[in-house]
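**Q** I have a structure I would like to understand better, so I am pasting it below and will then ask my questions one at a time.
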Amino acid sequence: MWRMVVPWLMGSLSLGEVIPVGAGSYTTERPDGCAALPGEIFRVDWLEGPVPTNQWWSSLVWERFSQNLFPHPLAMVCQEGGLAVTYPGAAIVAAHNAIMGGGLDRQGDFVIGHSATDDFPDARLAGSSAWFVTAEFARAEAVMRLSFGHGSPFVFGEVVGGTAELRFAEKPVVWSEDGSTVGVRVRGRNYGLFGGAGSSWELTGDRVLTNTNGHGYFSLALLPDGEKGTLAAFGRCAHHHIVDSRVIPTIAGGEVRTRYFVKTKAREGNGEGTIFALYPHQWKYLVGEAGSQSYRSVRGEMKLLPGASFETRVPLQGVLPMFPLESIANREQMRAYLKEEADKTKEGFGDTYWEGKHLGKLATLSGIAGEMKDEKLQRRFVGEIRKRLVNWFTAGPAEKSPLFYYDRHWGTLIGSPASYGSDSQINDHHFHYGYFIRAAAEVARLDPVWARKWGPMVELLIRDIASAGPADPLFPRLRGFDLYAGHSWASGHAKFADGNNQESSSESMNAWYGMMLWGEVTGNSEIRDLGTFLYNTERTAVEEYWFDVAGTNFPQDFPQEALGMVWGGKGAFATWFSGEIDCIHGINWLPFTPASIYMGRYPEYVKRNFEMIVAKRKEGRDFNTGWGDLVVMFNALDDPGMAVAHLETHPSCRLEGGNTHAFMAHWCHTLDKFGRNDSGVTADHPFTNVFLKKGKKTYVAYHFGNGEKTVTFSDGFKLMAKPGMTVKSFPD
Numbered sequence: 004m005w006r007m008v009v010p011w012l013m014g015s016l017s018l019g020e021v022i023p024v025g026a027g028s029y030t031t032e033r034p035d036g037c038a039a040l041p042g043e044i045f046r047v048d049w050l051e052g053p054v055p056t057n058q059w060w061s062s063l064v065w066e067r068f069s070q071n072l073f074p075h076p077l078a079m080v081c082q083e084g085g086l087a088v089t090y091p092g093a094a095i096v097a098a099h100n101a102i103m104g105g106g107l108d109r110q111g112d113f114v115i116g117h118s119a120t121d122d123f124p125d126a127r128l129a130g131s132s133a134w135f136v137t138a139e140f141a142r143a144e145a146v147m148r149l150s151f152g153h154g155s156p157f158v159f160g161e162v163v164g165g166t167a168e169l170r171f172a173e174k175p176v177v178w179s180e181d182g183s184t185v186g187v188r189v190r191g192r193n194y195g196l197f198g199g200a201g202s203s204w205e206l207t208g209d210r211v212l213t214n215t216n217g218h219g220y221f222s223l224a225l226l227p228d229g230e231k232g233t234l235a236a237f238g239r240c241a242h243h244h245i246v247d248s249r250v251i252p253t254i255a256g257g258e259v260r261t262r263y264f265v266k267t268k269a270r271e272g273n274g275e276g277t278i279f280a281l282y283p284h285q286w287k288y289l290v291g292e293a294g295s296q297s298y299r300s301v302r303g304e305m306k307l308l309p310g311a312s313f314e315t316r317v318p319l320q321g322v323l324p325m326f327p328l329e330s331i332a333n334r335e336q337m338r339a340y341l342k343e344e345a346d347k348t349k350e351g352f353g354d355t356y357w358e359g360k361h362l363g364k365l366a367t368l369s370g371i372a373g374e375m376k377d378e379k380l381q382r383r384f385v386g387e388i389r390k391r392l393v394n395w396f397t398a399g400p401a402e403k404s405p406l407f408y409y410d411r412h413w414g415t416l417i418g419s420p421a422s423y424g425s426d427s428q429i430n431d432h433h434f435h436y437g438y439f440i441r442a443a444a445e446v447a448r449l450d451p452v453w454a455r456k457w458g459p460m461v462e463l464l465i466r467d468i469a470s471a472g473p474a475d476p477l478f479p480r481l482r483g484f485d486l487y488a489g490h491s492w493a494s495g496h497a498k499f500a501d502g503n504n505q506e507s508s509s510e511s512m513n514a515w516y517g518m519m520l521w522g523e524v525t526g527n528s529e530i531r532d533l534g535t536f537l538y539n540t541e542r543t544a545v546e547e548y549w550f551d552v553a554g555t556n557f558p559q560d561f562p563q564e565a566l567g568m569v570w571g572g573k574g575a576f577a578t579w580f581s582g583e584i585d586c587i588h589g590i591n592w593l594p595f596t597p598a599s600i601y602m603g604r605y606p607e608y609v610k611r612n613f614e615m616i617v618a619k620r621k622e623g624r625d626f627n628t629g630w631g632d633l634v635v636m637f638n639a640l641d642d643p644g645m646a647v648a649h650l651e652t653h654p655s656c657r658l659e660g661g662n663t664h665a666f667m668a669h670w671c672h673t674l675d676k677f678g679r680n681d682s683g684v685t686a687d688h689p690f691t692n693v694f695l696k697k698g699k700k701t702y703v704a705y706h707f708g709n710g711e712k713t714v715t716f717s718d719g720f721k722l723m724a725k726p727g728m729t730v731k732s733f734p735d
């Protein structure tokens, strides 16, 4: 998928060993203040290597039997009798604060069981790929392996020591029967059952269908309708069992071109290919056309596409490390803002999240000070980042914090002090470490020697959240990023009835932004391009599933303009920490950085959302309350004049804890001077922005290298970028 240099950083680790990494180090002993991870991992004995966590199916490895799993369009749960399967899209409903699919109980529409046993002691992970997973159920000689994944209407099965047995929640209606292929309807939902050639499905009583005379394999599929022609179409690829799924992205021509493909094993014949169910963020950017059939899901319509692969092309949204000097309207005021921040002292070290937020502020302030040519202030900000990172990146033999320790049993790097379950649940690592990575990139931009010394520790953090390939001996591939769903998951264990979840999509975006910057400043194109892929892919998911910018995915009767949390089985207008409307929206905006520009790709949506927020806020247009500063900054993506007026009236306005007056001013005045984000123009260089105001375009590029670089924009404009920031407007 991607290539990343992975040094072998560990030999045989003894308890409490301090492992040197470049100039830094980490420990393998859990500090006293960090909670322990579980001792048992539910995977088959022969499956080795770092444990995949933070995926939609992760409860499978944390519990004897899984919590509810949501491989849309299906939903399922591993239980004592086997795998319960249902179609939640058949009954999607909207409430004031949620979008919910039909319920999933432990019987589902039916349970896939084994003829030789009524129950199993557990279910265990028996393999996974980019978006497919295999669960194994075993009791003595009775073994059943079931494979399923995102965007697949199929469940593929292997059975040893017996045959497949489907136990229905109510009497199924058999509407087509042709030897080994049967069409059934249960609870109004249609399924195709596909046994091996020569087998048959026999009804025992009125609720059990057994695949007799089978060959040790079978499959079943959710059907979009109850037509025999549809059953036949699914039957033509039903015995192409998916054994691998992969994603290959390419950054080219101002686009992220992503190819999704599966490898199949033909249990019968020699065919290949399957039927995909594409999410909105996929079919809207599809090369070619999806079919007319579809499923419903809590993410929106999923369109069917037959084949062995498909490709999407997503336009690149450029990012800048900081905004240009030209948009600082009042330089004396800005200098005062910067000095105020520099004079603040922060004693000690926070946990990985709050320390990260502090590092993020310092990185932003450094960029502004640099554009102001105030080297003294910039040295103070960068010096503070450097001092703090070096402390975190060094583990002493008796030290407890701040440091990182590696849990070899689970394969994860944990910061101490931890927070929000980042230790015992492996939660939120991309949120926390993204701040560290971005801050390190700001130091590296100015101090290449420091980057060479401490870079191995930075890249260890990157590998924890986004290791590029399956051969990494320390970390699982892309720990929290869901390659098919297009976004990240925050919970390490996903032990919830609604599956996994992610609240702060914007902090996920911040992590990928940090990777882009780190890769560029250190000359590591693999990390830069991986960050670019993750940033732009998750950006489309945010637009579709958190914001629904086009109004095509939320149910028509859902009364909100955004979600606070995306879950496997629902969308929630809520947060983990507050019911205030500023927080529900703001948690998916912060931290505001130059990379937050992606939220302004659809200014008409910004306007619509802002107006609803104002109408529902207890304080209305009094933005000097709550997270009003974030509301103002979000609205600046559509109406920067309003934001500038607010700052002029309230130059010392109340701030969310990760924000600063300096960046708030730079953000608002940049949009006021240059205009809105012109999302219709891309470039062949990822570190660009294009703004549009009253027909005038302003092209901004940041060049990290030496000499001049020609940046070509999709509208034909060419910019000769000098080292650092270059700003050109057309027409002048």
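Going by the working numbering, the sequence shown opens with residue 4, and the numbers climb by one from there.
Every residue gets a Cβ at the ideal spot worked out from N, C-alpha and C, and that includes glycine.
1. In angstroms, rounded to a whole number, what distance separates the CA positions of residue 75 and residue 58?
2. What first and last residue would you give for the beta strand (DSSP E) that runs through residue 151?
3. Three or more beta-carbon pairs under 8 angstroms between the segment 287-296 and the segment 307-316, yes or no?
4. The alpha helix (DSSP H) that contains residue 235, what's its start and end?
5. Over what stretch of residues does the alpha helix (DSSP H) that includes residue 40 continue unbroken?
6. Could you check where the alpha helix (DSSP H) with residue 131 kicks off and where it finishes?
7. With DSSP as the reference, label residue 482 as helix, strand or coil.
8. Name the DSSP bridge partner or partners of residue 696?
9. When you compare the CB positions of residue 434 and residue 464, do they come within less than 8 angstroms of one another, or not?
10. Compare the beta carbon distance of residue 668 and residue 650 with 8 angstroms and say whether it is the shorter of the two.
11. DSSP has residue 268 in a bridge; who is on the other side?
12. Does the segment 442-461 come within contact of the segment 507-527, defined as at least 3 CB pairs closer than 8 angstroms?
13. Name the one or two DSSP bridge partners that residue 591 has.
14. Using a Cβ-Cβ cutoff of less than 7 angstroms, which residues in the same chain neighbour residue 12 once the five nearest sequence positions on both sides are dropped?
15. Mind reading off the beta-carbon distance from residue 225 to residue 194? Whole number of angstroms is fine, and I expect it under 8 angstroms.
16. List in chain order: all unbroken beta strand (DSSP E) runs of 3+ residues lying wholly within the segment 245-326.
17. How about residue 606 and residue 657: are their beta carbons less than 8 angstroms apart?
18. Are the Cβ atoms of residue 494 and residue 591 separated by less than 8 angstroms?
19. Strictly by DSSP, which residues pair up with residue 23?
20. Which residue marks the beginning of the alpha helix (DSSP H) containing residue 516, and which one marks its end?
21. Shorter than 8 angstroms from the beta carbon of residue 284 to some beta carbon of chain C?
22. Would residue 574 pass as a contact of residue 102 if the rule is Cβ separation under 8 angstroms?
23. Could you check what DSSP says for residue 567 in three-state terms: helix, strand or coil?
24. Could you give the DSSP three-state label for residue 168: helix, strand or coil?
25. When burial is assigned at 16 or more other CB atoms within 10 Å of the CB, is residue 709 buried or exposed?
26. Residue 589: buried (16+ other C-beta within 10 angstroms of its C-beta) or exposed?
27. Around the C-beta of residue 733, are 16 or more other C-beta atoms found within 10 angstroms, so that it is buried, or is it exposed?
28. Skipping 5 residues on each side, what residues in its chain have a beta carbon closer than 8 angstroms to that of residue 229?
29. Kindly confirm or deny that the segment 38-47 and the segment 59-78 touch, where touching means at least three C-beta pairs closer than 8 angstroms.
30. Given this structure, state the Cα-to-Cα distance separating residue 537 from residue 318, to the nearest angstrom.
31. In the structure shown, what three-state DSSP assignment does residue 386 receive?
32. Whole-angstrom Cβ separation of residue 197 and residue 269, contact assumed at under 8 angstroms?
33. Taking the C-alpha atoms as reference points, what is the distance between residue 208 and residue 144?
34. Under 8 angstroms between the Cβ atoms of residue 32 and residue 408?
35. What does residue 193 pair with, by DSSP beta-bridge criteria?
36. Can you tell me the Cβ-Cβ gap for residue 456 and residue 26, rounded? I've got them flagged as a contact below 8 angstroms.
**A** Straight from the coordinates:
1. In a straight line, the C-alpha of residue 75 is about 14 angstroms away from that of residue 58.
2. Start and end: 145-152.
3. Output reads yes: the segment 307-316 touches the segment 287-296.
4. Residues 231-238.
5. From DSSP, residue 40 is part of no alpha helix (DSSP H); its letter is neither H nor E.
6. Per DSSP, residue 131 belongs to no alpha helix (DSSP H); it is in the beta strand (DSSP E), 126-131.
7. The three-state secondary structure of residue 482, taken from DSSP, is coil.
8. Residue 696 pairs with 699.
9. In this structure, residue 434 lies away from residue 464, with their beta-carbon atoms at least 8 angstroms apart.
10. Taking the C-beta atoms as reference points, residue 650 is found nearer than 8 angstroms to residue 668.
11. 244, per the DSSP bridge assignment.
12. Yes: at least three Cβ pairs fall under 8 angstroms.
13. The partner list for residue 591 (beta bridge, DSSP) is empty, contrary to what the question assumes.
14. Because residue 12 carries a pLDDT of 43, less than 50, the predicted location of this residue cannot be relied on, and the following value inherits that uncertainty. Excluding sequence positions up to five before and after residue 12, its CB lies within less than 7 angstroms of the CB of 22, 24 and 477, all in the same chain and listed in chain order.
15. Taking 8 angstroms as the upper bound for CB-CB distance, residue 225 and residue 194 are in contact here, some 6 angstroms apart.
16. Whole beta strand (DSSP E) segments, 3+ residues: 258-269, 277-281, 305-310 and 312-318.
17. No. Outside cutoff.
18. For residue 494 and residue 591, no; Cβs fall outside 8 angstroms.
19. Beta bridge pairing from DSSP links residue 23 with 28.
20. Note, residue 516: alpha helix (DSSP H), 508-524.
21. The structure shown contains no chain C; it is built from a single protein chain.
22. By the CB criterion at 8 angstroms, residue 574 and residue 102 fall inside the cutoff.
23. DSSP places residue 567 in coil when its eight states are reduced to three.
24. It is a strand residue.
25. With fewer than 16 other CB atoms across the displayed protein chains lying within 10 angstroms of its CB, residue 709 is exposed.
26. Using a 10 angstroms sphere on the CB of residue 589, the tally of other CB atoms reaches 16 or more, which defines it as buried.
27. Result: exposed.
28. If we look at residue 229 and ignore the five residues flanking it on each side, its Cβ neighbours are 178, 186, 188 and 193.
29. With a cut-off of 8 angstroms, the segment 59-78 and the segment 38-47 count as touching, because enough Cβ pairs lie within range.
30. So the two alpha carbons sit approximately 13 angstroms from each other.
31. Helix at residue 386.
32. Going by Cβ atoms, the distance from residue 197 to residue 269 rounds to 13 angstroms, so no, they are not a contact pair.
33. Each residue's alpha carbon lies about 26 angstroms from the other.
34. Yes, they are a contact pair.
35. Answer is 188.
36. About 4 angstroms separates the beta carbons of residue 456 and residue 26, which is inside the 8 angstroms limit, making them a contact pair.
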